[in-house]
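Numbering (the numbering used here), first residue to last: 8 to 154.
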């Protein structure tokens, strides 16, 4: 685990373009895949960030272009941002600080747990551990700032 001091202003830290490399593992079947692309955190007029991820996924049931979008809103402190789905439903809280670097989301019938790790001024990682009767997945992402 990296013990560097996380950024005190998460919104300012994230703003800009990042390269993402993700590994996908279905623990139930042993199936593995990857996603490679770009994440753009664009400042919006509400004081938050628009998240857009575009790239290429390699998975047995889908290979090719893939994207996702979220909305990040200021959290309870500058070190936190609340993540929402595009339709406004709450998703989870993003932070690198203390106990806040872990969160979860219930998506019936499975639980999604996320852990964020600050790796320095130009990189971070996060992992989703998804468990339940429908899914048993581990999704690990490494993100580096584009210069």
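Note that the Cβ used here is the ideal one computed from N, Cα and C, for glycine as well.
{"Asked": "Applying the criterion that 16 or more other CB atoms from any shown protein chain within 10 Å of the CB defines a buried residue, is residue 110 buried or exposed?", "Found": "buried"}
{"Asked": "Which value, in whole angstroms, describes the spacing of the CA atoms of residue 85 and residue 143?", "Found": "33 Å"}
{"Asked": "Is residue 82 helix, strand or coil when you go by DSSP?", "Found": "coil"}
{"Asked": "Pick from 134, 146, 136 and 130: whose alpha carbon is nearest that of residue 155?", "Found": "With the chain running from 8 to 154 in the structure shown, residue 155 is simply not present."}
{"Asked": "Let's test the definition: count the other Cβ atoms within 10 Å of the Cβ of residue 76 and tell me whether it reaches 16, buried, or not, exposed.", "Found": "exposed"}
{"Asked": "Would you tell me roughly how many angstroms separate the C-alpha atoms of residue 132 and residue 40, rounded to the nearest one?", "Found": "17 Å"}
{"Asked": "So is residue 49 buried or exposed if we call it buried at 16+ other beta carbons inside 10 Å?", "Found": "exposed"}
{"Asked": "Kindly indicate which residue of 70, 37, 25 and 22 has the alpha-carbon position closest to the one of residue 145.", "Found": "37"}
{"Asked": "Short check: CB of residue 136 to CB of residue 120, under 7 Å?", "Found": "yes"}
{"Asked": "Going by DSSP, what residue range makes up the beta strand (DSSP E) through residue 134?", "Found": "130-138"}
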